[in-house]
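Protein chains: 2
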Amino acid sequence: ADDAGQVERLGAAARAAGTIIGLVVDIDLGTHRTGVPPEQVATLARLTAETPGLEYRGIQAYLGHIQHVADLDARRGALAAATQRLSALVGELGAAGLAPQLVTGGGTGTYQQDLAGGVFNEIQAGSYVFMDVEYEDCGAVDGQAWPFEQALFIAASVVSTRHKTHVVCDAGLKAHSVDGPPARVVAGAPQGARWRPMGDEHAAIFHPQMMGVLKAAGADFAGAITAADEDAAIPWPADAPKVGDIVWLQPGHIDPTINLYDALLVVDEDGGFETWPVDARRSSR
Amino acid sequence: ADDAGQVERLGAAARAAGTIIGLVVDIDLGTHRTGVPPEQVATLARLTAETPGLEYRGIQAYLGHIQHVADLDARRGALAAATQRLSALVGELGAAGLAPQLVTGGGTGTYQQDLAGGVFNEIQAGSYVFMDVEYEDCGAVDGQAWPFEQALFIAASVVSTRHKTHVVCDAGLKAHSVDGPPARVVAGAPQGARWRPMGDEHAAIFHPQMMGVLKAAGADFAGAITAADEDAAIPWPADAPKVGDIVWLQPGHIDPTINLYDALLVVDEDGGFETWPVDARRSSR
Chain A
32 ADDAGQVERL GAAARAAGTI IGLVVDIDLG THRTGVPPEQ VATLARLTAE TPGLEYRGIQ
92 AYLGHIQHVA DLDARRGALA AATQRLSALV GELGAAGLAP QLVTGGGTGT YQQDLAGGVF
152 NEIQAGSYVF MDVEYEDCGA VDGQAWPFEQ ALFIAASVVS TRHKTHVVCD AGLKAHSVDG
212 PPARVVAGAP QGARWRPMGD EHAAIFHPQM MGVLKAAGAD FAGAITAADE DAAIPWPADA
272 PKVGDIVWLQ PGHIDPTINL YDALLVVDED GGFETWPVDA RRSSR
Chain B
32 ADDAGQVERL GAAARAAGTI IGLVVDIDLG THRTGVPPEQ VATLARLTAE TPGLEYRGIQ
92 AYLGHIQHVA DLDARRGALA AATQRLSALV GELGAAGLAP QLVTGGGTGT YQQDLAGGVF
152 NEIQAGSYVF MDVEYEDCGA VDGQAWPFEQ ALFIAASVVS TRHKTHVVCD AGLKAHSVDG
212 PPARVVAGAP QGARWRPMGD EHAAIFHPQM MGVLKAAGAD FAGAITAADE DAAIPWPADA
272 PKVGDIVWLQ PGHIDPTINL YDALLVVDED GGFETWPVDA RRSSR
């Protein structure tokens, strides 16, 4: 919760239902999404502790604005400042008789430093389970290689191969969220092939040898595709995927992409498959 | 289908299953996604007609690259050229004994001209049922007001109101696809309020009076939010939405946004509600 009205309504709802709701006070340390400013935490924590029907459980500070900062020194510096502020706050709350049982926050992009900081006792990292292009490219906060492997891929089927520049697969806007980086082609097409959505149900897989032709064309993308097809001096790439081939894509941003699927197909170590339903798919709406 | 291999595999599959599959030949008139060039249509149509297990049903040409062209003269000109080519092709196919029963294509962005052209006998318009920001802004091809009203909205709940510049609602990247224009705020917030995603489960609803403050800040968006909060000369907007209020959003691009939901809540003319499942949600994957 991040305001008094929420605390009061939740307390009333808990009392009406004859139950107890455990609550953490949400703190804004710079993401500016939800959360109270640090100097107002104690007041809201006290209100929570004193409201019948509620149990004051602690504090939460998700530092969303820091997770993907590419400059590692900047990411570390911002996190160090936030951790210092949070540490002081934990002390202030303790002195006021409001010691937080739970100090929850952190994420995949900062988890080593979150742990080393010694303030959080719960880390909210989730993307590390599967990873994605965004986290792979921004790197681990300690500057070392990620200890997490890419573990989730989209199996796109090639459905049309009518152009020299690209083949078309069935993984478009309904199969991959485009809020983050584009999906990365990791197998099933020549090294360096690029995925680009071509509508709701389709995407192009551009051949790496054709990127120069397309870039030279600038805005007239469609014209460049036609020109390449009609130019006898440009051969059809022999190693392009064929209709029915699977092209494996690494998602750009894992969370909203998983949200597009009802189930994950999981490969066991023994080579068997299991289907895991995505239970939480609708829970955030 | 758009190549001989597909036609042969579909024929074999139909024969193996003891059934007949009706097939249209897909034509590329500039979208460069799927489809054969016009000059190859007759060959593929003949192969389809002669393949046991298949029934040659006609031709399809979806002009995806034309639907949203904002310059109406350019949209009309491109469509006229495509229609002329398609019309000639229908004649050629007829002369070759391959007259297409079905000539399918067209869309919301061109439907009046699609009909007037007299070539299509099936129009693939779908977005017109609900409309969206993208189609509203690009306008009808005849230059008149759309005869279709906006008919689908996202009900976002305000969950946090800690900043002068914006409130935060629960409709983020998992509730609205961001491949197209941002969602438009149509009710529940002051006129001119702007929706911007703030992660997987959240979005900001920026107050119209605060857009100047934010624009002046340039890249330091977070700093501008803090500065406004701390500047006593900037009042808290009295008409900002409150926690629990519903803000109504018009989707930017309807197709991949509907794909995020399992059901639509439909308001009957008598004021009652019905829940319509989104049956096709997974069918394109």
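Chains as they are written, first to last, in my numbering: chain A, 32 to 316; chain B, 32 to 316. Built from N, CA and C at the ideal position, the CB exists for glycine as well.
- [ ] Please determine, among A:LEU75, A:GLY95, A:CYS200, the residue with the shortest C-alpha to C-alpha distance to GLY157 (chain A).
- [x] Considering only alpha carbons, the answer is A:GLY95.
TODO: Could you name the residues of the same chain whose beta carbon sits closer than 6 Å to that of VAL100 (chain B), not counting the 5 residues immediately before and after it, in chain order?
DONE: Excluding positions up to five away in sequence, the list reads ARG106.
Task: Same chain, Cβ closer than 6 Å to GLY138 (chain A), neighbours up to 5 away in sequence not counted - done: Hits under 6 Å: GLN98, GLN155, ALA156.
Open item on the list: Is the beta carbon of HIS238 (chain B) closer than 9 Å to that of LYS195 (chain B)?
Closed with: Yes, the Cβ-Cβ distance between LYS195 (chain B) and HIS238 (chain B) is below 9 Å.
TODO: Examine chain A for any beta-carbon lying closer than 9 Å to the beta-carbon of ARG64 (chain B), and answer yes or no.
DONE: By this cut-off, ARG64 (chain B) is an interface position.
Task: DSSP-derived helix/strand/coil call for THR62 (chain A) - done: In this structure, THR62 (chain A) counts as coil in the three-state DSSP scheme.
- [ ] Please report how far the alpha carbon of ALA234 (chain B) lies from the alpha carbon of VAL134 (chain B), in whole angstroms.
- [x] Near 43 Å, if we compare the C-alpha coordinates of VAL134 (chain B) and ALA234 (chain B).
Task: Under 9 Å between C-beta atoms of GLN181 (chain B) and VAL217 (chain B) - done: Yes; because the gap between Cβ atoms is below 9 Å, this pair is in contact.
Open item on the list: Does any residue of chain B have a CB that is nearer than 9 Å to the CB of PRO213 (chain A)?
Closed with: It does not: the Cβ of PRO213 (chain A) has no partner Cβ on chain B nearer than 9 Å.
Task: Bridge partner(s) assigned by DSSP for THR79 (chain A) - done: Answer by DSSP bridge pairing: none, since THR79 (chain A) is not bridged.
TODO: Enumerate in chain order the residues of its own chain whose CB-to-CB distance from ALA294 (chain B) is below 7 Å, with the five nearest sequence positions on each side excluded.
DONE: Within the same chain, ALA294 (chain B) has close Cβ partners THR306, TRP307, PRO308, VAL309.
Open item on the list: Just to confirm before moving on: does the CB-CB distance between GLN143 (chain B) and ALA171 (chain B) stay below 9 Å?
Closed with: It is a contact, given that the beta carbons lie within the stated cut-off.
Task: Among B:ILE285, B:GLN71, B:MET242, the one whose alpha carbon lies nearest that of ILE265 (chain B) - done: Among B:ILE285, B:GLN71, B:MET242, the Cα nearest to that of ILE265 (chain B) belongs to B:MET242.
Open item on the list: Any beta carbon of chain A sitting closer than 9 Å to that of ASP286 (chain B)?
Closed with: Yes, contact with chain A.
TODO: State whether the region 51 to 63 of chain B contacts the region 73 to 88 of chain B, with contact taken as three or more CB pairs (one from each stretch) at a distance under 8 Å.
DONE: Touching, per the Cβ criterion.
Task: Inter-residue CB distance, GLU165 (chain A) and ASP201 (chain A) (contact presumed, cutoff 8 Å) - done: Contact flag wrong, Cβ pair sits at about 23 Å.
Open item on the list: On a Cα-Cα basis, can you pick out the residue from B:GLN91, B:GLY36, B:VAL160, B:ARG215 that is closest to ASP168 (chain B)?
Closed with: Looking at the Cα atoms, B:ARG215 is the closest of the given residues.
- [ ] Could you tell me which residues DSSP pairs with LEU85 (chain A) in its beta bridges?
- [x] Answer is A:ILE52, bridged to LEU85 (chain A).
Task: Beta-carbon contacts of SER315 (chain B) that lie in its chain and below 7 Å, excluding the five residues immediately before and after - done: Confidence is the limiting factor: at SER315 (chain B) the pLDDT is only 40, short of 50, which leaves the residue's position unreliable, though a coordinate-based value still follows. Annotation for SER315 (chain B): no residue places its beta carbon closer than 7 Å to its own, counting only its chain and skipping 5 residues before and after.
- [ ] Pull up the distance between the alpha-carbon of VAL150 (chain A) and that of ASP286 (chain B), whole angstroms please.
- [x] Answer to the nearest angstrom: the Cα atoms are 44 Å apart.
Open item on the list: Less than 7 Å between C-beta atoms, sequence neighbours within five positions excluded: which residues of the same chain meet that for VAL298 (chain B)?
Closed with: Result list for VAL298 (chain B): PHE304, in chain order.
Task: Segment contact, 8 Å Cβ cut-off, at least three pairs: the region 247 to 265 of chain B with the region 275 to 283 of chain B - done: The way I'd put it, the region 247 to 265 of chain B doesn't touch the region 275 to 283 of chain B; fewer than three beta-carbon pairs between them come closer than 8 Å.
Task: chain A contacts made by the region 223 to 239 of chain B, where a contact means CB separation under 9 Å - done: Shown in chain order are the members of the region 223 to 239 of chain B whose Cβ falls below 9 Å from a Cβ of chain A: PRO228, MET229, GLY230, ASP231, GLU232, HIS233, ALA235.
- [ ] Helix, strand or coil for VAL72 (chain B), going by three-state DSSP, please let me know.
- [x] Three-state DSSP puts VAL72 (chain B) in a helix.
Open item on the list: Only counting the same chain, and skipping five residues up and downstream in sequence, which positions put a Cβ closer than 8 Å to that of ASP173 (chain B)?
Closed with: Cβ neighbours of ASP173 (chain B) within its own chain (closer than 8 Å, five residues either side excluded): GLN143, GLN144.
Task: Per DSSP, the bridge partner or partners of CYS200 (chain A) - done: Per DSSP, the beta bridge partners of CYS200 (chain A) are A:VAL189, A:ALA234.
- [ ] Return the bridge partner residues of TRP279 (chain A) from the DSSP annotation.
- [x] Looking at the DSSP assignment, TRP279 (chain A) forms a beta bridge with A:ALA186, A:ALA218.
TODO: Determine the contact status of THR288 (chain B) and SER208 (chain B), defining contact as a CB-CB distance below 9 Å.
DONE: A contact, by the Cβ cut-off of 9 Å.
- [ ] Report the rounded CA-to-CA distance for GLN291 (chain B) versus TYR159 (chain B), giving the unit in angstroms.
- [x] Reading off the sequence shown, one finds Leu at residue 291 (chain B), where the question assumed Gln. Rounded to whole angstroms, LEU291 (chain B) to TYR159 (chain B) spans 19 Å at the Cα level.
- [ ] Mind listing the chain A neighbours of ARG88 (chain B)? Cutoff is C-beta to C-beta under 8 Å, in chain order.
- [x] None at all; the shortest Cβ gap to chain A is about 19 Å.
Open item on the list: With three or more beta-carbon pairs closer than 8 Å as the criterion, would you say the region 32 to 42 of chain A touches the region 79 to 92 of chain A?
Closed with: When Cβ pairs closer than 8 Å are counted between the two stretches, the region 32 to 42 of chain A is seen to touch the region 79 to 92 of chain A, the count reaching three or more.
Open item on the list: Tell me which residues of the region 193 to 210 of chain A have at least one Cβ-Cβ distance to chain B shorter than 9 Å, keeping chain order.
Closed with: Those residues of the region 193 to 210 of chain A placed with their C-beta closer than 9 Å to a C-beta in chain B are ARG193, HIS194, THR196, HIS197, VAL199, ASP201, ALA202, GLY203, LEU204, LYS205, ALA206, SER208, VAL209, ASP210, ordered along the chain.
Task: Between the CA atoms of PHE184 (chain B) and LEU296 (chain B) - distance to the nearest angstrom - done: Using only the alpha carbons, I get a separation of about 10 Å.
Task: Among B:PHE179, B:GLU86, B:GLU70, the one whose alpha carbon lies nearest that of THR50 (chain B) - done: Ranking B:PHE179, B:GLU86, B:GLU70 by Cα distance to THR50 (chain B) puts B:GLU86 first.
- [ ] Give the DSSP-derived three-state secondary structure of ALA263 (chain B) in the structure shown.
- [x] In the three-state DSSP reduction, ALA263 (chain B) falls in the coil class, being neither helix nor strand.
TODO: Pull up the distance between the alpha-carbon of ASP270 (chain B) and that of VAL189 (chain A), whole angstroms please.
DONE: Approximately 52 Å, taken between the alpha carbons.
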